[in-house]
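Only one structure is covered here, and it is reproduced in the block below.
Protein chains in written order, with our numbering: chain A, 26 to 402; chain B, 26 to 402.
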């Protein structure tokens with residue numbers, strides 16, 4: 026017999042405990058899974074039955090958007106609305122649905138600050154609108170969208186027009202460490218978060234889905250996750266996720282203050298480097314860990330590589346779309362005059378970032394700019 | 026500066042190395058990812074560019090089936106073929122495609138042995154057939170399907186009819202530890218495996234997809250995995266997976282011999298218990314780790330619970346579908362006379378299973394049957 030004094034003869038189900046098994050190991054696994062679900066629900070102010078675990082943020086966003094569109098009972102095409110600075114997993118899903126003639130789409134443009142006007146969202150609503158998806162905080166420039174205000178506009182529209190079936194989704198992947206995640210206060214029907222942005226959480230996605238939202242799943246083949254996400258749950262990662270998420274909430278207020286100071290120090294010091302440096306996105310309605318700038322005429326990929334050579338890991342555009350040689354759709358959205366060759370450089374801070382890191386980075390960055398000046402000016 | 030002497034300012038991309046980033050950490054992550062891809066490809070006898078990492082077997086099967094159907098250029102409905110003992114992630118995907126009027130489906134019945142006749146697969150092919158999906162080994166009864174022979178029949182049909190666009194997929198999730206996985210020798214165009222059945226592998230799925238197979242992705246939003254599976258890769262799990270998969274290959278021959286002995290010993294001893302015990306599925310063309318039986322009149326869920334109370338973790342039907350109180354579709358497929366209340370009991374052995382485990386299990390099982398006899402006979 027194995028050490029634990031138990032005999033495991035369920036290898037065909039899974040080599041590690043499977044929450045769907047009815048034996049003791051399965052029941053224990055199920056308890057752990059449901060505990061993680063309750064804890065995650067508590068942080069979002071939701072019910073446990075409204076939490077769907079997925080493989081990541083991309084899957085959660087796809088499930089929310091494709092799920093509502095494919096479940097729509099609209100006679101003609103359902104209409105869906107988003108903004109022009111969303112993550113690729115939202116924008117490209119919208120484009121695919123339009124291309125396959127499964128939905129009619131509207132893309133609302135944000136202001137030059139990188140923030141969308143809630144009134145413009147309301148204006149875009151049509152009789153056949155079924156879904157509005159607006160990100161909570163932008164992944165490139167960190168700008169925070171007025172989710173509560175947009176929710177209010179949508180509620181007004183629904184009340185005025187006596188309709189119910191417009192659902193509001195927000196991609197809160199970038200917001201998870203720093204902003205209020207209470208879905209009631211935000212007024213959203215669906216919300217995406219992901220473990221990939223939380224220290225120690227592992228690769229897990231969550232889609233919060235209010236009970237009343239009809240959804241069609243992307244996969245078929247099992248009853249897991251209320252039938253909306255078949256496939257054995259990644260229990261180990263889910264447990265790590267719920268613990269890490271809890272910790273983010275505990276230290277949030279302190280981290281926000283600490284990082285805001287570092288961020289503002291970073292921007293102030295940048296403004297003193299004798300080069301043209303353009304800040305991208307509103308300074309105040311922005312994540313406390315985000316610095317995003319454009320250095321006109323200097324390719325941002327080159328800056329990332331030069332910084333990397335000095336031991337500093339930063340990013341040009343968003344990582345998912347890096348390396349394709351085109352300017353970011355987010356930067357183009359807030360700066361119509363930008364050249365295709367002008368990139369953007371993002372420094373995103375985290376729990377281990379110190380003031381010494383920032384000082385070293387600023388010094389190194391200044392050296393790089395002086396070095397590159399002769400070729401690019 | 027952090028201990029590593031490097032400064033990480035890319036938390037918004039991911040808190041752990043992201044293979045899509047172009048800085049040093051990203052390049053290192055990319056190297057690890059591609060190494061795992063090459064190693065996995067080598068084991069399957071495939072090219073690295075033909076390996077798609079997913080979240081699990083359910084997603085891989087859905088991607089293969091939905092992917093081919095949605096990419097089909099057939100004028101009418103594309104036709105797809107499978108058997109009546111597939112895993113839920115295949116059968117339910119077929120049913121969904123039929124229900125949504127996206128495909129016409131044929132379900133070929135297996136013989137009483139639990140094995141499909143390759144000629145019957147060939148017979149089911151129509152002019153509009155685009156995909157045939159037959160599992161390599163069954164998850165409940167462990168029967169091994171004649172994949173090579175089916176591939177041969179399909180090749181004959183294609184040659185006779187001078188067509189190219191019928192693709193052959195196999196769900197090899199249960200075969201991964203014990204059977205030959207070389208896709209060339211098998212003659213398949215797509216093959217699914219999953220880490221959940223490999224000790225130490227973590228939750229990762231793989232879809233092997235021959236270069237020539239056209240596929241539409243399930244998600245949108247990034248260029249990862251050749252654009253077929255957007256979303257940041259679960260690098261840590263993928264690296265663990267490729268290492269664990271390599272190990273299974275190294276010890277395969279020895280494990281197969283060892284487990285076959287244990288399995289045959291198990292069946293022989295069972296036949297000596299003075300109760301009616303029906304073996305489900307062919308004895309020889311069966312996975313070396315699978316024992317599946319029916320005890321007429323005794324509910325199998327009850328047997329699982331009684332066994333669990335004695336420290337033995339076994340399974341009734343497959344775990345994904347356990348607890349719904351209906352007889353297994355696999356058992357019904359091989360035994361038309363089975364009562365809805367008659368279940369099936371599966372013992373699946375693994376790397377840690379010893380002869381002492383089997384002896385203890387047989388003794389406990391015999392006791393349970395004697396105990397339950399008075400109520401159920």
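Cβ coordinates follow ideal geometry from the N, Cα and C atoms, glycine included.
Identity of the residue in the options nearest residue i by Cα
{"i": "residue 38 of chain B", "options": "A/338, A/119, A/326", "result": "A/338"}
{"i": "residue 263 of chain A", "options": "A/63, A/229, A/312, A/70", "result": "A/229"}
{"i": "residue 166 of chain A", "options": "A/358, A/149, A/99, A/366", "result": "A/358"}
{"i": "residue 112 of chain A", "options": "A/71, A/168, A/102", "result": "A/168"}
{"i": "residue 145 of chain B", "options": "B/138, B/311, B/133, B/151", "result": "B/133"}
{"i": "residue 86 of chain A", "options": "A/384, A/161, A/102, A/303", "result": "A/161"}
{"i": "residue 327 of chain B", "options": "B/304, B/316, B/400, B/303", "result": "B/400"}
{"i": "residue 340 of chain A", "options": "A/243, A/370, A/320, A/315", "result": "A/370"}
{"i": "residue 173 of chain A", "options": "A/202, A/151, A/206", "result": "A/206"}
{"i": "residue 226 of chain B", "options": "B/110, B/164, B/201, B/247", "result": "B/201"}
{"i": "residue 323 of chain A", "options": "A/197, A/273, A/45, A/396", "result": "A/396"}
{"i": "residue 310 of chain B", "options": "B/81, B/203, B/266", "result": "B/203"}
{"i": "residue 19 of chain B", "options": "A/214, A/60, A/245, A/249", "result": "For chain B, the structure presents residues 26 to 402; residue 19 of chain B sits outside this window and is missing."}
{"i": "residue 342 of chain B", "options": "A/46, A/31, A/33", "result": "A/46"}
{"i": "residue 69 of chain A", "options": "A/197, A/54, A/374, A/335", "result": "A/197"}
{"i": "residue 383 of chain B", "options": "B/336, B/355, B/363, B/261", "result": "B/336"}
With 16 other Cβ atoms within 10 Å as the buried cut-off, status of residue i
{"i": "residue 282 of chain B", "result": "exposed"}
{"i": "residue 42 of chain B", "result": "buried"}
{"i": "residue 48 of chain B", "result": "buried"}
{"i": "residue 253 of chain B", "result": "buried"}
{"i": "residue 353 of chain B", "result": "buried"}
{"i": "residue 40 of chain A", "result": "buried"}
{"i": "residue 251 of chain A", "result": "exposed"}
{"i": "residue 394 of chain B", "result": "buried"}
{"i": "residue 293 of chain B", "result": "exposed"}
{"i": "residue 175 of chain A", "result": "buried"}
{"i": "residue 313 of chain B", "result": "buried"}
{"i": "residue 101 of chain B", "result": "exposed"}
{"i": "residue 234 of chain B", "result": "buried"}
{"i": "residue 36 of chain B", "result": "buried"}
{"i": "residue 366 of chain A", "result": "exposed"}
{"i": "residue 34 of chain B", "result": "buried"}
{"i": "residue 390 of chain A", "result": "buried"}
Residue i Cβ short of 8 Å to the ligand ADP heavy atom set
{"i": "residue 186 of chain B", "result": "Although the ligand ADP was asked about, the structure shown includes no ligands whatsoever."}
Extent of the continuous alpha helix (DSSP H) to which residue i belongs
{"i": "residue 401 of chain B", "result": "380 to 401"}
{"i": "residue 82 of chain A", "result": "82 to 96"}
{"i": "residue 121 of chain A", "result": "113 to 124"}
{"i": "residue 180 of chain A", "result": "172 to 186"}
{"i": "residue 274 of chain A", "result": "260 to 296"}
{"i": "residue 332 of chain A", "result": "325 to 334"}
{"i": "residue 218 of chain A", "result": "Careful: residue 218 of chain A lies outside any alpha helix (DSSP H), inside the beta strand (DSSP E) at 215 to 219."}
N- and C-terminal bounds of the beta strand (DSSP E) containing residue i
{"i": "residue 233 of chain A", "result": "230 to 234"}
{"i": "residue 196 of chain B", "result": "192 to 196"}
{"i": "residue 78 of chain A", "result": "76 to 79"}
{"i": "residue 72 of chain A", "result": "Unbroken run through residue 72 of chain A: none, as it is neither H nor E."}
{"i": "residue 132 of chain A", "result": "129 to 133"}
{"i": "residue 155 of chain A", "result": "154 to 158"}
{"i": "residue 104 of chain A", "result": "104 to 108"}
{"i": "residue 312 of chain B", "result": "First-last for residue 312 of chain B: undefined, no H or E at that position."}
### Message
At a CB distance below 9 Å, what residues from the segment 282 to 311 of chain B approach chain A? Give them in sequence order.
### Response
none
### Message
So if I threshold CB-CB distances at 7 Å, which residues from the segment 209 to 239 of chain A count as touching chain B?
### Response
Correct list: 221, 222, 223, 224, 228.
### Members of the segment 371 to 385 of chain B near chain A, C-beta cut-off 9 Å
Residues passing the 9 Å Cβ filter: 371, 372, 373, 374, 375, 376, 377, 378, 379, 381, 382, 383, 385.
### Query
Taking any Cβ of chain B, which residues in the segment 90 to 116 of chain A have a Cβ under 8 Å from it, in chain order?
Cβ contacts with chain B come from 112, 113, 114, 115, 116.
### Task
Compile a chain-ordered list of the residues in the segment 245 to 256 of chain B whose CB is closer than 8 Å to at least one CB of chain A.
245, 246, 247, 248, 249, 255, 256
### Query
Do the segment 154 to 162 of chain A and the segment 375 to 392 of chain A meet, that is, are 3 or more Cβ pairs less than 8 Å apart?
no
### Sufficient close CB pairs (3 or more, under 8 Å) joining the segment 217 to 225 of chain B to the segment 73 to 83 of chain A
no
### Query
At a Cβ cut of 9 Å, what residues of the segment 53 to 85 of chain A count as close to chain B, listed as they run along the chain?
79, 80, 81, 82, 83, 84
### Message
Can you pull out the residues from the segment 152 to 168 of chain B whose beta carbon lies closer than 7 Å to at least one beta carbon of chain A?
### Response
Residues 164.
### Query
Between the segment 237 to 247 of chain B and the segment 82 to 98 of chain B, do at least 3 Cβ pairs fall closer than 8 Å?
yes
### Query
Three or more beta-carbon pairs under 8 Å between the segment 296 to 316 of chain B and the segment 135 to 144 of chain B, yes or no?
yes
### Task
Could you please tell me which residues of the segment 175 to 201 of chain B, in chain order, have their CB closer than 7 Å to any CB of chain A?
Cβ contacts with chain A: 199.
### Query
Quick one, which residues of the segment 353 to 366 of chain A are near chain B if we go by CB-CB under 9 Å, in chain order?
none
### Query
Listed from N- to C-terminal order along the chain, which residues in the segment 112 to 145 of chain A have their beta-carbon within a distance smaller than 8 Å of any beta-carbon of chain B?
Residues of the segment 112 to 145 of chain A with a C-beta atom less than 8 Å from some C-beta of chain B are 112, 113, 114, 115, 116, 117, 118, 120, 121, listed in chain order.
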